[in-house]
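Everything on this sheet refers to the single structure shown next.
Rendered as structure tokens:
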């Protein structure tokens, strides 16, 4: 089920009503409804793959319970390997099997050997990269003794399948989310009101910003068409894709977080104004925070982080970014996307490791020239790396780069007409950069707030022409 | 909770207003067919042409025409807007009906044939537009009133899997149209007045014409918008071909079922393959391997079913030039005439 769809517009109020008026007796009832809603939400796409969620949830529930009962190091290690094996096995088979087989065959053909491989016609189960990471983190945290395992099967299953974040995150940690499922949720007016506004802003980001720019981006990236355009047009196309993917994914996250608030659940922030980052390190502290912190906690730090010298840190960062790249999809384009960020990050690390804190222009209305330069440069690096992310193949990406840097730089971009969308978006986000989302405008008087809400609602209804899937459903 | 619900209700006037205006004005006739189309069908049957200024619901017009027809047309052409310029003078028949449907899908073909059969109006000869887009599962639907009931009935007769939206999807599509901000503004700002006028002209400034045989005499207005026309000709997404990677097997089944049904009813069939604009063909169509697959298919299938074919995707052998095209996919009457005359007898 898509968030920006008629079915969800009926589903959400229905579940809200049932949750607060029918299933509000106690926490078990609330969890039972949350679980049913999560499974119904997923089954709307394909009920067969519910079994994968059940397998992943059950494995980590049982493994963690056993981990809680034993202190024997070997047994604990075996239990952890079972959890990792099942989750990575599911992920590897459903998402990466064909990619590795084909890459393996390609590698052999490069050295003159031809090997017969069999690829499978595997359907990619939506959300698998998100819920497997979520359940794995639970087992790892229990293994590390960071959290206690739960005996409450219903609460655990509800936590894994909580519908707002099931398909595209945020990738929640048990330490934040699970305790919220263990106690009865009480309706909080301020939280629910903010949730509703966050949903509205998320819809605006998706339907008005991302989908509108998406039309131009699709056109520029469609096969062969980029050969005909000038450098500025292609560069603007890359910038548009950066805004599109941000609007798409941050929009999804805002809707998910807003939905959580309607049910008294606080999900973690996933995007924190990343477009105003002043360097690539700050960018990764603000962009897809739930994934970035996941790889930091479960890969980067266990690998040694920055504790074993600069060389080892560079290697660790390289490994982490390659994994982040590959996590986005089974294609070499994503690996190269990760590699580009790894280069940006390591260059920064080796040249200037000064950590930026706070947000740009924290105490002023406009950024300083230095900040503007830093923000511009970071955004440009991000937009250029996204050409690799968006392209269907590495060849297409290099064609795009090559045309972008060689073709007619004096020409006026043909897609200049779309520029008002990112400009409008940047202005809104800049003004509201210290807030969790752009519609946190409670300081304004009511007579001014409501026209804004109405304007945003109308824009969404105006631009909603069809149900476009979120880009990150492909992950 | 009470405060939350009351505050949430403050948003509802916007939704109620939009839904009310969209439903009551029904600019695109999504919720009920345009009542004026009954009159239009009667004008056509009395031999008059009809002028119009706004887009209309072609599915309903064809249905109205069929329901009001007392005698069958000897010849019928069944296709999409690519066939709309085929008229009785070019075909050389006095009893001819052009039953084209906007963005026609096989669903529309089956629905129209079902209605014709129910009214005993199946013609002696039927020219069937055999476009590649018929087999593209991503072919977009028209926004107008739909003809699902006739399609489902025909699919049952032919024992075909029903491809097109189930009740939920149909409900969902209508609901999104009901709350569409775009439809709302169109309803508020469109010029009042009747869309259709009876006329004996074939060309009127700022109007388009439906001729009494159901055909349309080309789209003059594109000629005053050469930039837009050029964009359409170079559009890589023409016919949704950017999403077209294989011919859908279920759609093939639909088409073959329809052909078998018509032949079982002793209708003589002629297949029409509409060509693309020369530039469109060279730049996009000729690059997509699915069109080669399609060409092989139509050649084999027409031979197997012994159905004569005219036209072809490639405009060059048909000696069609830029002047013969309205845009990338639609031929002017002059273009259709050339294609019709080029057929081998």
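Chains as they are written, first to last, in this note's numbering: chain A, 4 to 478; chain B, 2 to 346. For every residue, glycine included, the Cβ atom is placed at its ideal position computed from N, Cα and C. The structure displayed is predicted, hence computed values, not measured ones.
Check	Outcome
Tell me which residues share the same chain as residue 50(B) and place their Cβ nearer than 7 Å to its Cβ, disregarding the 5 neighbours each side in the sequence.	200, 201, 202, 203, 210, 211, 212, 213
Which residues in chain A have a C-beta closer than 7 Å to the C-beta of residue 1(B)? List them in chain order.	Because chain B is modelled from 2 through 346, residue 1(B) falls outside the range shown and cannot be assessed.
Which bits of chain B does residue 23(A) rub up against, with CB to CB less than 8 Å?	2
Cα-Cα, which of 459(A), 42(A), 96(A) is closest to residue 167(A)?	42(A)
With H, G and I counted as helix, E and B as strand and the rest as coil, what does DSSP make of residue 199(B)?	strand
Tell me the DSSP secondary structure of residue 332(B) in three-state form.	strand
Give me the Cα-Cα distance between residue 529(A) and residue 158(A), rounded to the nearest whole angstrom.	With chain A covering only 4 through 478, there is no way to say anything about residue 529(A).
Which residue wins for smallest C-alpha separation from residue 482(A), given the options 282(A), 271(A), 304(A)?	Absent from the structure is residue 482(A), since the part of chain A shown begins at 4 and ends at 478.
If you measure from the beta carbon of residue 414(A) to each beta carbon in chain B, is any gap under 8 Å?	no
Per the contact definition of three or more C-beta pairs closer than 8 Å, is the stretch 6 to 19 of chain B in contact with the stretch 175 to 191 of chain B?	yes
Check whether the Cβ atoms of residue 38(A) and residue 59(A) lie closer than 8 Å to each other.	no
Return no unless some Cβ of chain A is closer than 8 Å to the Cβ of residue 281(B).	no
Does any residue of chain B bring its CB to less than 8 Å from the CB of residue 10(A)?	yes
Run through the DSSP bridge pairs and tell me what residue 76(B) is partnered with.	97(B), 126(B)
Inspect the beta-carbon positions of residue 4(A) and residue 48(A) and report whether they are closer than 8 Å.	yes
Report the three-state DSSP secondary structure of residue 165(A) (helix, strand or coil).	coil
Can you give me the C-alpha to C-alpha distance between residue 3(B) and residue 196(A), rounded to a whole angstrom?	12 Å
Using beta-carbon positions only, say whether residue 270(B) and residue 129(B) come within less than 8 Å of one another.	yes
So, under 8 Å CB-CB, residue 343(A) and residue 276(A) are touching, yes? Tell me the CB distance rounded to an integer number of Å.	Not a contact, Cβ separation roughly 22 Å.
Which runs of the alpha helix (DSSP H) fall wholly inside the stretch 256 to 302 of chain A and span at least 4 residues, in chain order?	283 to 289, 292 to 298
Can you confirm whether residue 219(B), when its beta carbon is compared against all beta carbons of chain A, has any partner nearer than 8 Å?	no
Could you pull the DSSP bridge partners for residue 312(B) from this structure?	274(B)
For residue 252(A), does the count of other Cβ atoms within 10 angstroms reach 16, so buried, or fall short, so exposed?	buried
Around the Cβ of residue 399(A), are there at least 16 other Cβ atoms within 10 angstroms (buried) or fewer (exposed)?	buried
With a 10 Å radius around its C-beta and 16 neighbouring C-beta atoms as the bar for buried, classify residue 139(B) as buried or exposed.	exposed
Helix, strand or coil: how does DSSP classify residue 51(B) here?	strand
Spell out the partners DSSP gives residue 269(B) in its beta bridges.	126(B)
Excluding the five sequence neighbours on either side, which residues of its own chain have a C-beta within less than 6 Å of the C-beta of residue 287(A), listed in chain order?	295
So for residue 209(B), helix, strand or coil by DSSP?	strand
Return the first residue and the last residue of the alpha helix (DSSP H) that residue 343(A) is part of.	335 to 354
Within 10 angstroms of its Cβ, does residue 76(B) collect 16 or more other Cβ (buried), or is it exposed?	buried
Would residue 171(B) and residue 103(B) qualify as a contact pair, given that the criterion is a beta-carbon distance under 8 Å?	no
Return the CA-CA distance between residue 344(B) and residue 335(B), expressed in angstroms with no decimal places.	15 Å
For residue 273(B), is the classification buried or exposed, using 16 other Cβ atoms within 10 angstroms of its Cβ as the cut-off for buried?	buried
From residue 247(A) to residue 94(B), what distance separates their C-alpha atoms?	54 Å
Suppose you measure from the CA of residue 318(B) to the CA of residue 292(B); what does that come to, to the nearest Å?	17 Å
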